[in-house]
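Reading through the structure tokens given below for one structure.
Numbering (my numbering), first residue to last: 1 to 246.
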């Protein structure tokens, strides 16, 4: 295992076969300025790695990510909150249109910003029997904001599931998440890493039998598929009022 980064609880490792793993090892992996900096650094290092490659994003222990750091938000003013969320959006945008396959290996709870990290990836596999994913904003008295709402609509295609998840705050275990189409697979924790690696390996161009794979074209396809989400995450302002796409 080759370690490219292991700094302040965020590591980037390579297995030697084109599969790279960003692991978040900061307890509950709450999203605050330091978390965003370390995750962005790991993503930047991965972006510089030569192809072929795939990326796995996972957490540690009970948490994939427990969402925004509420302690940070409580002691911050509105400008500081907006800066954090907009910087986080830009990290999500880079994951969303990464020029290779990305797999979220959801080892535990993924609430709010944690769920958005998973949704930004191409595929999602979740630990069975323990852990929930949800949109907790309604329970926290928070707005969803443009970047998060567009990412939700890009990756959750059933409006009934969006209504259920966002407007009720329902917590989805792995069984419910499969039924809702929020994840692609579930498995016991003992198999989770291996199954995640299989999903990542399956996305390598040779295994997809792609003779003329072009990373830049692949990224452009993602930008075209998720255009509204990508634009909102890249250029959006947290305090911007809601507006129509028209």
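Just so you know, even glycine gets a beta-carbon here, dropped at the ideal spot from N, CA and C.
Residue i - DSSP class collapsed to helix/strand/coil
| i | result |
| --- | --- |
| residue 85 | helix |
| residue 22 | strand |
| residue 38 | helix |
| residue 226 | coil |
| residue 183 | coil |
| residue 101 | strand |
| residue 3 | strand |
| residue 261 | Outside the displayed range of the chain (1 to 246) lies residue 261, so it cannot be described from this structure. |
| residue 217 | helix |
| residue 238 | coil |
| residue 110 | strand |
| residue 14 | strand |
| residue 94 | helix |
| residue 57 | strand |
Spatial distance of residue i from residue j (CA atoms)
| i | j | result |
| --- | --- | --- |
| residue 52 | residue 18 | 6 angstroms |
| residue 109 | residue 212 | 38 angstroms |
| residue 54 | residue 100 | 6 angstroms |
| residue 243 | residue 103 | 31 angstroms |
| residue 187 | residue 58 | 15 angstroms |
| residue 117 | residue 181 | 16 angstroms |
| residue 167 | residue 9 | 33 angstroms |
| residue 11 | residue 45 | 11 angstroms |
| residue 209 | residue 5 | 31 angstroms |
| residue 83 | residue 233 | 13 angstroms |
| residue 122 | residue 139 | 28 angstroms |
| residue 196 | residue 71 | 32 angstroms |
| residue 50 | residue 162 | 37 angstroms |
| residue 93 | residue 236 | 11 angstroms |
| residue 153 | residue 159 | 8 angstroms |
Neighbourhood of residue i by C-beta, 6 angstroms cutoff - its chain only, sequence neighbours within 5 removed
| i | result |
| --- | --- |
| residue 13 | 1, 3, 21 |
| residue 203 | 54, 101 |
| residue 111 | 66, 67, 134, 136 |
Own chain, CB closer than 7 angstroms to residue i, minus 5 neighbours either side, in chain order
| i | result |
| --- | --- |
| residue 177 | 126, 133, 183 |
| residue 155 | 119 |
| residue 73 | 81 |
| residue 34 | 8 |
| residue 91 | 36, 39, 40, 43 |
Nonlocal neighbours in the same chain, by C-beta distance under 8 angstroms from residue i, ignoring five residues either side
| i | result |
| --- | --- |
| residue 85 | 68, 145, 147, 238 |
| residue 143 | 137 |
| residue 41 | 5, 7, 10 |
| residue 78 | 239 |
| residue 200 | 19, 54, 55, 56, 101, 103 |
| residue 172 | 132, 133, 134, 165, 180, 182 |
| residue 97 | 219, 222, 223, 226, 230 |
| residue 169 | 134, 135, 136, 137, 138, 139 |
| residue 207 | 201 |
Beta-carbon separation (whole angstroms), residue i vs residue j, contact threshold 8 angstroms
| i | j | result |
| --- | --- | --- |
| residue 28 | residue 66 | 4 angstroms |
| residue 193 | residue 105 | 7 angstroms |
Buried/exposed call for residue i, threshold 16 Cβ in 10 Å
| i | result |
| --- | --- |
| residue 217 | exposed |
| residue 131 | buried |
| residue 124 | buried |
| residue 205 | buried |
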